[in-house]
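Residues in the sequence shown are numbered from 114 upward in steps of one, following my numbering.
By construction, the Cβ of each residue, glycine as well, lies at the ideal position given by its N, Cα and C atoms.
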Amino acid sequence: MVPQLTPTFFSETCVVMASAPTLVMMLLPVILPFILGAYASKDLEERRDLLECDRRLIPMRLCRYPASCQCHPRAPLGERSYMYYRYERGHCRQGAYMQNCNGFPSHVACHSACVRQWG
């Protein structure tokens, strides 16, 4: 006859406590992407506008939203010497980069895109 082993309260508690850190270590890689994804979806509209600020991603290389006039003109995207709108002073100046969203091919294009809306 085989003797039956009955677990005691102490041995069950040790098993549960010993497996808790293991369970946390196993679930952390599964839970962490969801936490990061929830943070990344916060203020999604603002993040989308920042991505559209790069003209390489837009079909006709034109920014079609008013916030483009406030993009940083010195972001090094493409060749230099395009016009940009300086919203602090309310006028267009030369010195932006070609593929930056605040870079316009001429003074007229800069003025029509930004001065009417912001100035």
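Residue range of the beta strand (DSSP E) that includes residue i
i, result
"Cys205", "His204 to Tyr210"
Buried versus exposed, by CB contacts within 10 Å (16 or more), residue i
i, result
"Pro186", "buried"
"Ala133", "exposed"
"Gln207", "exposed"
Top-ranked residue by Cα proximity to residue i, from the options
i, options, result
"Cys214", "Met196, Pro142 and Leu136", "Met196"
"Cys227", "Gly203, Met211 and Leu145", "Gly203"
"Gly216", "Ser225, Leu145, Tyr200 and Cys182", "Cys182"
"Met211", "Leu141, Arg193, Val143 and His224", "Arg193"
Opening and closing residue of the alpha helix (DSSP H) in which residue i lies
i, result
"Ala222", "His220 to Cys223"
Cβ shell of residue i (< 7 Å), same chain only, five flanking positions each side left out
i, result
"Pro218", "Tyr195"
"Pro189", "Tyr210"
Other residues of its chain near residue i: CB distance less than 6 Å, five sequence neighbours each side excluded
i, result
"Gly191", "Tyr210, Met211 and Gln212"
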